[in-house]
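**Q** One structure is given below, represented as structure tokens, and several questions about it will come after.
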Amino acid sequence: MTMIRTALIRHLRLPPGMLGLCLSLLLAAPAAAQGWLRADTPNFVIYSDGYPHELRRWAKKVEMYDSAMRSYFGRPGGRKGARLTIYMLKDDRAVARIAGQSYLAGLYSPSSEGSYAVTNRKPTYFKENMSGQQTLFHEYAHHFMYRHFPAAYPVWYREGFAEYVATVEFDADGYWKFGLPAIHRRKHFAKKPLAIETILFTDVDQIKAKRRSTFYAWSWLLVHMLNTDGARDGQLRTYLDRFGAGEGARSAAKAFGDLGLLESQLRAYANSAQPYRRSANPVSFTGNIRVTTLGPVESLLAELRLMRRASRNHKAPRDALRKLARTYPRNAEVFAELALAERDVARKTRSAGYDLAETAVDRALSINPLHVRANILKAELTIRRLSATHGASPADWNKARLRLIHAARQSPDDPLPYLRLFSSYSRQGKKPPQSAHRAIARAFALQPESSDIRLAYAFSLAMQGKHDRATRHARVLASDPHAAKLGRRALVTLDRMRKADAARAGPKPAATQTAHEQATGE
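In structure tokens, the structure reads:
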């Protein structure tokens, strides 16, 4: 799993007559154009700069993949939580330019602003090359794991699992095959193999970019072998249970027995035929797919929103949005996006740009007082200002929270107002009421993949004396390569909270869980 790193979007298709012009000229005089497309399905919002029939086909494909995953892993149908946003770009080079990172075909970001993936539509005529479909399925597998298997996992298993399920294929009748060989990874087995200890115990960030594909290849092979080798039946589950319970990586790996033997078997497995599984029943998708052609302004906003979220250079989309706002002074969506861009620049540069963000968001709300994300941002900026103001009145705090409550009522499946509502009490230095605890629980139910939301939920549980559950959630963060430091710090703080509660309460009877808690692990 690769989080977003850097760079401007320079590859996206611009309106006719605009190719080759700089962004400032494009925004100064946007032309009528085909623009971007948006597909809405039960589980996804998909943006594409391609063609309508192509987007519809991809939308159906990813919905069928979701159904196959649910069937294979025994997860109930129906959407769980907020929909995932997917940006489908022309090819892997386009994605790499967004991330500012070579050897990258797709990425996934579980942001509290809304989780999204960036993938590509590139076809392949050679199985030795990774296709756009495999990239899409790989990135969605990360999202599926966060949503349906919320536990602590090592990096090799996260990536190996995503590779293992990404090779799924469907026949004309909807039957699927899981565990097909990742032929695009076989070339890496001909190179110097990774030691088993490197696979099991090394953080992916410690592996050089050119060797990362090799890491993914051997991680995939290890997951495949452990899922199919009858002689090792149950070892992977035991290992994952131990790792998830907080055992160290080396201690958990004792589930595999002699690691030298595991390594020799894995290298032999690379040269053998890998078996796969075929479904007993077909899957199909009969739901509604609505494809919309975005207008010129909406298309530019789609590009700039992705640019804002994907680029380290926050000033470029901010400057472009300023020009767009001058061209469209009565468009609330433009000013809401500009406000977010101003906020992002202020965060990055630690400047006084928050005032500019508030000016832009006030403009958005003057045009559309009910704009959900503008109200959320207005509340966020107000809470930031109040927390730095000595003697701010309770009425001011309540007014900011009221915006969040109204936003949650308007958009009940948006986790962000619930997160901001809960966090407002720590910003005020006040103990959250039960309503705030319910709010963060709702946010977590909608978006458990967000590290910000999971962290807040963990502290909510600890404040309510549910320390074991809080610790489990922090362990998930500590095992995430992109939130590990955050998770480790949280574990230390949560341990202090546990000890403080124990000291205040004194000795307690050993059996304090209800029968339901014992049965469910809650």
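Counting with the numbering used here, you get residues 15 to 536 for the letters of the sequence shown. Glycine included, C-beta positions come from ideal geometry on N, C-alpha and C. This structure is a prediction, so every number in the text was calculated from the model and none was measured.
Just to check my reading of the structure: E13 and L273 have Cβ atoms closer than 8 Å, yes? What is that Cβ distance to the nearest angstrom?
**A** The displayed coordinates of the chain run from 15 to 536. Any statement about residue 13 would go beyond what the structure contains.
**Q** Go to I210, then tell me how far its alpha helix (DSSP H) extends in each direction, as first and last residue.
**A** From DSSP, the alpha helix (DSSP H) with I210 extends over I210 to F215.
**Q** Alpha carbon to alpha carbon, how far is R172 from M159? Give it in angstroms, no decimals.
**A** About 8 Å.
**Q** In whole angstroms, give me the CA-to-CA distance for P331 and N143.
**A** Whole-angstrom Cα-Cα distance: 33 Å.
**Q** Spatial neighbours of S62 within its chain, please: CB distance less than 6 Å, with the 5 preceding and 5 following residues excluded, ordered by chain position.
**A** Hits under 6 Å: L51, L69 and M102.
**Q** How long is the line joining the alpha carbons of K136 and G146, rounded to whole angstroms?
**A** Their backbone Cα atoms lie some 5 Å apart in a straight line.
**Q** If you reduce the DSSP assignment to three classes, tell me which class S401 lands in.
**A** It is helical.
**Q** Can you look up Y130 in the DSSP assignment and give me helix, strand or coil?
**A** Correct three-state label for Y130: strand.
**Q** Can you look up H25 in the DSSP assignment and give me helix, strand or coil?
**A** The predicted model places H25 with a pLDDT of 33, which falls under 50 and marks its position as unreliable; any figure quoted below should be read in that light. The answer is coil: DSSP assigns H25 none of H, G, I, E or B.
**Q** Starting from S116 and walking both ways along the alpha helix (DSSP H), at which residues does that stretch end?
**A** Counting along the chain, S116 falls outside any alpha helix (DSSP H), and DSSP gives it neither H nor E.
**Q** To the nearest angstrom, report how far apart S313 and T363 are at their CA atoms.
**A** The straight-line gap from Cα to Cα measures roughly 28 Å.
**Q** Which term fits R340, buried or exposed, when burial requires 16 or more other beta carbons within 10 angstroms of its beta carbon?
**A** Classification for R340: exposed.
**Q** Checking 8 Å against the spacing of the C-beta atoms, do Y432 and A414 come in under that value?
**A** No, Cβ-Cβ distance for Y432 and A414 is not below 8 Å.
**Q** From what residue to what residue does the beta strand (DSSP E) around L194 run?
**A** Here L194 belongs to no beta strand (DSSP E), and DSSP marks it neither H nor E.
**Q** For D105, which of Y439, I419, L150 and F163 has the nearest alpha-carbon?
**A** Checked all of Y439, I419, L150 and F163; the closest Cα to D105 is L150.
**Q** Would DSSP call A497 helix, strand or coil?
**A** The answer is coil: DSSP assigns A497 none of H, G, I, E or B.
**Q** If you follow the beta strand (DSSP E) that L379 is part of, which residue opens it and which one closes it?
**A** Where L379 is concerned, there is no enclosing beta strand (DSSP E), although the alpha helix (DSSP H) it sits in stretches over Y368 to I381.
**Q** Between the segment 251-271 and the segment 223-234, are three or more C-beta pairs nearer than 8 Å?
**A** Judged by Cβ distances under 8 Å, the segment 251-271 makes no contact with the segment 223-234, as fewer than three pairs qualify.
**Q** Looking at D54: is its Cβ nearer than 8 Å to the Cβ of R387?
**A** No, they are not a contact pair.
**Q** Would F58 be called buried (16 or more neighbouring beta carbons within 10 Å of its own) or exposed?
**A** Buried, because 16 or more other Cβ atoms sit within 10 Å of the Cβ of F58.
**Q** For the pair the segment 74-89 and the segment 436-452, tell me if three or more CB-CB distances fall below 8 Å.
**A** In short, these stretches do not touch, since the Cβ pair count stays below three.
**Q** Determine the burial state of H404: buried for a count of at least 16 other Cβ atoms within 10 Å of its Cβ, exposed for fewer.
**A** Exposed, because fewer than 16 other Cβ atoms sit within 10 Å of the Cβ of H404.
**Q** With DSSP as the reference, label Y160 as helix, strand or coil.
**A** The answer is helix: DSSP assigns Y160 an H, G or I state.
**Q** Compute the distance between the beta-carbons of H156 and A180, then report whether it is under 8 Å.
**A** No; because the gap between Cβ atoms is not below 8 Å, this pair is not in contact.
**Q** At the level of alpha carbons, what is the spacing between A516 and S116?
**A** Near 50 Å, if we compare the C-alpha coordinates of S116 and A516.
**Q** Compute the beta-carbon to beta-carbon distance between I454 and A470, rounded to the nearest angstrom, for a pair I have assumed lies under 8 Å.
**A** Confirmed, about 5 Å.
**Q** So I390 and L430 are in contact, right, with Cβ under 8 Å, and what is the actual spacing, rounded?
**A** The pair is a contact, with the Cβ atoms about 5 Å apart (cut-off 8 Å).
**Q** If you drop the 5 nearest sequence neighbours on each side, which residues of the same chain put their C-beta closer than 6 Å to that of Q461?
**A** For Q461, where only same-chain residues beyond five positions count, the Cβ hits under 6 Å are G95, A96, P429 and I467.
**Q** When DSSP labels each residue in this structure, what does L98 get in the three-state scheme?
**A** L98 falls in the strand class under three-state DSSP.
**Q** Of all the options R518, G248, A450 and A504, which has the alpha carbon lying nearest to the alpha carbon of L416?
**A** When each option's Cα is compared against that of L416, the closest is A450.
**Q** Do you know whose CA, among D410, R291, L240 and R452, lies nearest Y283's CA?
**A** Among D410, R291, L240 and R452, the Cα nearest to that of Y283 belongs to L240.
**Q** Return the chain-ordered list of same chain residues with a C-beta closer than 6 Å to the C-beta of R518, the five sequence neighbours on each side being excluded.
**A** Closer than 6 Å at the Cβ level, and outside the excluded window around R518, lies no residue.
**Q** Determine the contact status of Y342 and V375, defining contact as a CB-CB distance below 8 Å.
**A** No, they are not a contact pair.
**Q** Taking only the alpha-carbon atoms, compute the straight-line gap between D410 and R399 and give it to the nearest angstrom.
**A** C-alpha separation (whole angstroms): 11 Å.
**Q** Quick check on this structure: which residue in Q478, Y130, G479 and S465 has the alpha carbon closest to the alpha carbon of A488?
**A** The residue with the shortest Cα to Cα distance from A488 is S465.
**Q** Check whether the Cβ atoms of Y122 and A108 lie closer than 8 Å to each other.
**A** Their beta carbons are not under 8 Å apart, which means Y122 does not touch A108 by this criterion.
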